[in-house]
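For what it's worth, full-length UniProt numbering labels the leading residue of the sequence shown as 1, then goes sequentially.
Glycine included, C-beta positions come from ideal geometry on N, C-alpha and C.
Report on the following structure.
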Amino acid sequence: MTGGRDRFCGDAQVLHQRAVRIPLPDADAERAFHENAVTLAEAEERRASLLADPDVPLSVAFETSFEHAAQIIERQLQDIAGEDYEDVAMAYYRDERDDRVAEITAYFVEGLWRIQQSATVTELLYVPLILRYPDSFVVNVRFADDYTTPKSIHYESPEHAAEELADEYAETYYEESQYSQRRAAERVRDGAALIREEFPDPDETSFAERKYGGIVMAGGRRGSVFTTMTERVEPDPDRFSNSIEKPALVEAGPEAERTERELRLEDGLVH
């Protein structure tokens with residue numbers, strides 16, 4: 001980490017093959033975790049509605065998901081480091097702090113910065129992994145120099161097309177683009193339902209039903225082609241042998257390695 005910077009510019013190494021583990025010690029913590037999951041699911045449902053609406057520019061739907069992802073990370077930052085989390089992260093980047101809180105804050109601030117970039121930068125794939133264990137959950141913020149995965153669905157945006165088509169082709173292209181957006185909307189709705197299923201309400205489910213859960217998501221674009229996916233991930237029950245009392249940085253873990261192979265991200269991860 002190099003010192004002397006006056007502002008964060010998105011070049012921290014702290015994301016690479018790392019994740020944040022956050023304890024779930026009581027009912028209030030479980031409810032807060034569920035609230036974040038609901039926020040994410042509702043954002044996906046909103047995005048699906050926007051995608052299916054032919055009068056809404058696709059860029060609005062695309063940026064909506066990143067805005068809500070940023071809100072969730074900002075909430076985690078405030079819980080861990082307080083309202084002045086940016087100052088805490090900068091202290092870490094300038095080598096003025098190297099404690100646990102500063103390192104975790106730097107992790108999330110780096111993730112937040114890259115999420116904001118992903119909303120407008122082409123070929124920067126956002127691939128978060130969220131895992132629930134009996135006594136904690138893990139957030140793995142990842143990005144890849146790509147725009148899709150083998151499991152992603154593609155959809156087209158006429159407003160981002162590089163060339164203006166002749167009238168006889170433009171109408172067909174527009175209709176096909178609308179069809180691809182409706183198909184994507186269905187997949188996004190399915191993804192929202194999966195999020196709710198994997199991270200259910202602690203007040204309405206037994207501990208046995210909710211102690212494990214996991215999802216991986218991916219969203220990106222290349223030119224006029226946008227992509228999205230949400231898949232279930234099976235948490236490794238043997239991953240952690242000890243409980244924690246405070247948030248901690250941990251290795252990315254076997255689930256991250258597995259999803260990187262399945263989604264073919266190994267050579268494209270940004271770090």
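Cross-strand partners of residue i (DSSP beta bridge)
i, result
"residue 153", "228"
"residue 250", "19"
"residue 217", "230"
"residue 269", "144"
"residue 187", "Residue 187 pairs with nothing; no bridge assigned."
"residue 47", "Answer is none; residue 47 lacks a bridge partner."
"residue 222", "225"
Cβ-based burial, residue i [other Cβ within 10 Å; buried from 16]
i, result
"residue 223", "exposed"
"residue 4", "For residue 4, the predicted model reports a pLDDT of 40, less than 50, meaning its position is unreliable and no value from the coordinates is stated."
"residue 179", "exposed"
"residue 60", "exposed"
"residue 43", "buried"
"residue 242", "exposed"
Spatial distance of residue i from residue j (CA atoms)
i, j, result
"residue 231", "residue 250", "23 angstroms"
"residue 58", "residue 84", "34 angstroms"
"residue 205", "residue 76", "24 angstroms"
"residue 115", "residue 171", "34 angstroms"
"residue 81", "residue 174", "47 angstroms"
"residue 22", "residue 134", "11 angstroms"
"residue 221", "residue 154", "9 angstroms"
"residue 140", "residue 18", "7 angstroms"
"residue 45", "residue 35", "15 angstroms"
DSSP three-state assignment for residue i, whether helix, strand or coil
i, result
"residue 129", "strand"
"residue 143", "strand"
"residue 158", "helix"
"residue 21", "strand"
"residue 240", "coil"
"residue 112", "helix"
"residue 261", "helix"
"residue 137", "strand"
"residue 3", "Note that residue 3 has pLDDT 41, beneath the 50 cutoff, so the model's placement of it is unreliable and the number below is only indicative. Reduced to three states, the DSSP call for residue 3 is coil."
"residue 121", "coil"
"residue 206", "coil"
Identity of the residue in the options nearest residue i by Cα
i, options, result
"residue 151", "210, 107, 260 and 119", "260"
"residue 130", "138, 123 and 69", "138"
"residue 51", "157, 135 and 91", "157"
"residue 127", "16, 213 and 243", "16"
"residue 90", "105, 79, 100 and 78", "105"
"residue 146", "26, 258, 263 and 94", "263"
"residue 237", "245, 252 and 213", "213"
"residue 47", "255, 228 and 254", "228"
"residue 30", "243, 65 and 199", "199"
"residue 118", "233, 33, 247 and 219", "219"
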